[in-house]
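All letters in the sequence shown, in the order written, are residues 2 to 160 by our numbering.
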Amino acid sequence: MNQANELVLRKLMAISDYQFGPKITDILFQNPNNIEIERSKNTNKIRYVYENEQLLLTLKPTVGFFTITFLSALKIIENTKPPKMRTIVLTEISEFIKKGRNVFCKHVIDVDKNLRPNDEVIVVNEEDNLLAIGRIKIPIDYILSFKRGVAIDVRKGIL
Numbered sequence: 002m003n004q005a006n007e008l009v010l011r012k013l014m015a016i017s018d019y020q021f022g023p024k025i026t027d028i029l030f031q032n033p034n035n036i037e038i039e040r041s042k043n044t045n046k047i048r049y050v051y052e053n054e055q056l057l058l059t060l061k062p063t064v065g066f067f068t069i070t071f072l073s074a075l076k077i078i079e080n081t082k083p084p085k086m087r088t089i090v091l092t093e094i095s096e097f098i099k100k101g102r103n104v105f106c107k108h109v110i111d112v113d114k115n116l117r118p119n120d121e122v123i124v125v126n127e128e129d130n131l132l133a134i135g136r137i138k139i140p141i142d143y144i145l146s147f148k149r150g151v152a153i154d155v156r157k158g159i160l
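This is the structure:
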């Protein structure tokens, strides 16, 4: 891991601004002096962003966007009000989601209206407890109106 220089840090923050918006970027990069990066051994492109030696974000090389981690999800939850970047699901299905199961439309109570398909999303229960991180599969209007089908492709549950 290497300390991120100012140019690299500005690039990371620009990607984050575009993908998540300036408010989330300010939350994720609160301590720019503690940000370190890890590059790919083969391509020398940035792959991982760390804060205090903990994985904060992963940069997907195929699309040039970040995937969030549990650390970044917790930072966003602590510093924003629901449903910002979140999908709120029924508390009864929390255990299934924690295990990494996908979220179905019928289980969604509320969702951030600014999210679009393929956006990163934080899955929380009704008490705003982190359950999983994943990716929105279909438009928000469909998630709220459908009673069948997968709404969120869960990448990782907390268990």
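Note that the Cβ used here is the ideal one computed from N, Cα and C, for glycine as well. None of these values were measured; they are calculated from a predicted model.
Whole-number beta carbon distance between residue j and residue i, since they are thought to touch under 8 Å
i: Leu131; j: Leu75; result: 6 Å
i: Lys148; j: Lys107; result: 5 Å
i: Ile47; j: Arg87; result: Incorrect: roughly 27 Å between the Cβ atoms, too far for contact.
i: Ala152; j: Ile134; result: Ala152 to Ile134, Cβ: 14 Å. No contact.
i: Asn1; j: Glu37; result: The shown model of the chain, from 2 to 160, leaves out residue 1, and the question about it has no answer.
Neighbour-count burial assignment, residue i, 16 or more Cβ in a 10 Å radius
i: Pro84; result: buried
i: Asn11; result: The sequence as given places Arg at residue 11; Asn does not occur at that position. Burial call: exposed.
i: Gly150; result: exposed
i: Leu116; result: buried
i: Leu8; result: exposed
i: Ala15; result: exposed
i: Glu54; result: exposed
Alpha-carbon spacing of residue i relative to residue j, whole angstroms
i: Leu72; j: Val50; result: 11 Å
i: Glu96; j: Lys157; result: 13 Å
i: Gly65; j: Leu56; result: 17 Å
i: Ser146; j: Pro118; result: 15 Å
i: Ile94; j: Asn6; result: 43 Å
i: Thr26; j: Asp142; result: 26 Å
i: Pro62; j: Lys82; result: 31 Å
i: Ile137; j: Gly101; result: 14 Å
i: Gln31; j: Tyr19; result: 17 Å
i: Asn45; j: Ile144; result: 39 Å
In DSSP terms, what residue i is bridged to
i: Leu131; result: Val125
i: Asn3; result: Ile38
i: Tyr49; result: Glu39, Thr59
i: Ile89; result: Asp111, Val125
i: Thr68; result: Thr59
i: Arg102; result: Arg102 is not bridged to any residue.
CB of residue i within 9 Å of CB of residue j, strictly
i: Ile89; j: Ile69; result: no
i: Leu29; j: Ser41; result: no
i: Val155; j: Asn80; result: no
i: Leu160; j: Asn126; result: no
i: Asp129; j: Ile98; result: no
i: Phe105; j: Phe67; result: no
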